[in-house]
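Numbering (the working numbering), first residue to last: 209 to 374.
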Ligand code: ZN
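In structure tokens, the structure reads:
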């Protein structure tokens, strides 16, 4: 399982000026080993239930996706200036048009980092960082576990977020 470090240079055009940037991607190879597909119970907390499925199946690395509907939602927005999460509730019935996330480790336990997009009766969309407190009306999910190196979350100084230490 090789660790890859990609360093590349990109030219960004901003108006008439060309700015040279040095973004860097750090990534590792992972291999899908199993996919679990199912539904969550009416009234369940989406984030808690999906995390339970990970624990039950020893999924420490993976990806998750889901669609369905919620009775209410709790989502977060990270304020990059104050470096704090602002959570808000949507106390209404909404469609889950998309839920996508990953599974990794934090303090040795599987943790799901997921974002969700929800829509109302007129098709208006809301979205953000999925938090506990989002209640299932109906939910179908696919969870794929990966074989690979451990991805451990720890405090990132620059963003103050629990990012992957790699
Ligand atoms: Zn997030």
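Idealized CB from N, CA, C, for every residue including glycine.
Keep in mind that this is a model prediction, so the values were computed, not measured.
Own chain partners of residue 291 with C-beta closer than 6 Å, once the 5 adjacent residues on each side are dropped: Position 83 of the chain shown, counted from the first residue, corresponds to residue 291. Closer than 6 Å at Cβ, skipping near neighbours: 368.
At what residue ranges does the segment 349-374 contain a whole run of the beta strand (DSSP E), taking only runs of 3 or more? If you keep only unbroken beta strand (DSSP E) runs of at least 3 residues inside the segment 349-374, you get 361-363, 370-372.
Look at residue 255 and residue 311 and say whether their C-beta atoms are less than 8 Å apart. Your numbering for residue 255 matches position 47 in the chain shown. Your numbering for residue 311 matches position 103 in the chain shown. Contact flag unset, no.
Tell me whether the segment 294-305 and the segment 256-264 touch, counting them as touching only if at least three CB pairs, one residue from each stretch, are closer than 8 Å. Inter-segment contact for the segment 294-305 and the segment 256-264 is absent: fewer than three beta-carbon pairs are separated by less than 8 Å.
State the Cα-Cα distance for the pair residue 298 and residue 285, rounded to the nearest angstrom. Residue numbering aside, residue 298 sits at position 90 when the chain shown is read from its first letter. Residue numbering aside, residue 285 sits at position 77 when the chain shown is read from its first letter. If you take the alpha carbons of residue 298 and residue 285, they lie about 13 Å apart.
Same chain, Cβ closer than 7 Å to residue 354, five either side skipped, listed in chain order: Locating residue 354 in the chain shown gives position 146, counting from the first residue. So the list reads 238, 239, 240, 241, 269, 270, once near-sequence residues are dropped.
What's the gap between the Cα of residue 346 and the Cα of residue 246? One-based indexing of the chain shown puts residue 346 at position 138. One-based indexing of the chain shown puts residue 246 at position 38. CA-to-CA, the gap between residue 346 and residue 246 works out to about 11 Å.
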